[in-house]
Every structure is written in C-alpha cells, then in structure tokens.
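Structure representation (structure tokens):
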C-alpha cells in the first residue's frame, strides 16, 4: 500500500505487510481500514503504521463498514454462522458483537442481514436489534436516514409477498422505513444486481443484470423515492458489463466496460446514500469518510 501526496505525487509512505486486499479502502477518524481477506488492519493514516489488527480463527472477513467512531466487521466461521463485531476505530478494542452481517451505516444504525437472511436494523452503539423486516437481504441495498431501498438481483429466488415463481430476469425493489421496518412501497418489474444510489428524491438503479442482455433491453432508471414510480430511463450499451452508477451535481457517471459515460439527469443534486457518502460505492466531494 502506498500513500501519495495529492499536490506533488510523491510517496509519503508505504506498507508491505498485507497478504491481499479486499475493497473498499475505508477511512475513519485518522485511521485507514484495510481488509486483506483474513484480517482487518487499522493503519495510522499519517504514517502507515499498524495501530491494531482484528481477525478470528477459522473465519472469513465478509465486509467492513465504519461510522460514529467505530469499525464494524462482519465475519463468517467454518459453520457458516455470521457475526458482526463492533471495534473502536482508534484502538481496535471490541465493544460488542451480534448475529448477522452489516451492509450499511446511517444515523447510528446498521443495516444488513440476520441469520435467516432477512433485513434487520441494529443499534450501532449497543448491538441490539431495532427491527427485522421479512424482506430478503439476498440482494443489494441503498440506505438514507429515512429509508432502506432493497433490490434483489437476477438469478436468485425472488420473495415477493403474495406472489411466487417470479421470472429470473426480474427482481423486486422495496422501500423500507428506517424507523419502523415497514415496507412503504414495492415494485416488481425491475432487475439487476448492482448497488443503487439515491439522489434528491430519486432512486437510481440499473436493470442490467447477469442475464438481462439476453432477456430485455437493459437500462439505468430513476424511481420516485416516495412512490416507486418510474421517472426516467437511460439505455445501457449491451456489449459490456456496467458498474453501479453515481450522481454528482446532476450528472450520472456510469462505467460500462472500458468506457465512462456522463449523463445529465433531471436533478442538480449528488448521491447521498450511505454507501456513497462513506466511500463504499465510489465517492464525490461531499463524502463524509467514516466519521459521520
């Protein structure tokens, strides 16, 4: 790992003790959080020195999220049990552990999957569960302070209330209230497996899934965050895979194969979901690192 001065391009320090790297690289309160697949390292950002290290025997690191001065590490053991550990970002000291994984942090709450694969909200201070939704967490989510948006991907079982045998090239998007865990709307005619993003009053998601180019014309679409109604769409080139979109000052940036597209949307805002603000899904000038 190298630290490069943004003004001069000169190397400030390097660290060579990693056995691998699992993105994203995260930052919290002066500490770089690095996941090498088997352990999470807390490196002092100014010097590249390891202040602490976290690992569990016979366990695999599933993901790392940060917020409120803490680092949240999800691991799975040899029996496929998933546990999230809350660590102090400065010292690595463990504060609590709870069953399930973590996908996002927003406003003192963690969101992820419980041991049954359903979406849950956990108090980031105590590890206590605040609510559990019957909606599946098998897909991808985007989180704001008020809403969890969940989209299940292609080629996974679709669990939509009141229906069955949903075609594999379709998925269901849900909006879930972050306070109560209740579903405020759902839309069953989307597909895709990439993380959506939220900008102003629009949920931006891709319908370009693993099977989508063979089954329908893939798009990136905008849905009204209050109702789930479609507001716009942009056709995705079929010849290459597409990365999750990000919106900055009203322009949507999309990587498709080896090309970068900038598309003007009907808003002047920027992505504000937790993944973007914390640097998980790319980031822009308004990201809050991990200290928010």
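Numbering (my numbering), first residue to last: 1 to 292. The beta-carbon is built from N, C-alpha and C at its ideal position, and this holds for glycine as well.
Contact between the segment 85 to 96 and the segment 135 to 150 is not established, with fewer than three Cβ pairs separated by less than 8 Å.
A residue is called buried once 16 or more other Cβ atoms fall within 10 Å of its Cβ, and residue 182, having fewer, is exposed. Separation of residue 177 and residue 204 (C-alpha to C-alpha, rounded to the nearest whole angstrom) is 18 Å.
Beta-bridge partners of residue 72 (DSSP): 65 and 86. Residue 122 and residue 16 have their C-alpha atoms roughly 35 Å apart.
In this structure, the beta-carbon distance from residue 273 to residue 250 does not fall below 8 Å. Separation of residue 114 and residue 101 (C-alpha to C-alpha, rounded to the nearest whole angstrom) is 7 Å. Shortest Cα-Cα distance from residue 138 to any of 112, 130 and 128 involves 112. Within its own chain, the residues whose Cβ lies closer than 6 Å to the Cβ of residue 60, once the five positions on either side in sequence are excluded, are 76, listed in chain order. Taking all protein chains shown into account, residue 174 has 16 or more neighbouring C-beta atoms within 10 Å of its C-beta and is therefore buried. Taking 8 Å as the cut-off, the Cβ atoms of residue 70 and residue 140 do not count as close. For residue 102, DSSP records no beta bridge to any residue. Here residue 180 carries a coil assignment [DSSP, helix/strand/coil]. By a beta-carbon distance limit of 8 Å, residue 45 contacts residue 31. Their separation comes to about 6 Å. One thing to note: residue 263 has its Cβ within 8 Å of the Cβ of residue 254.
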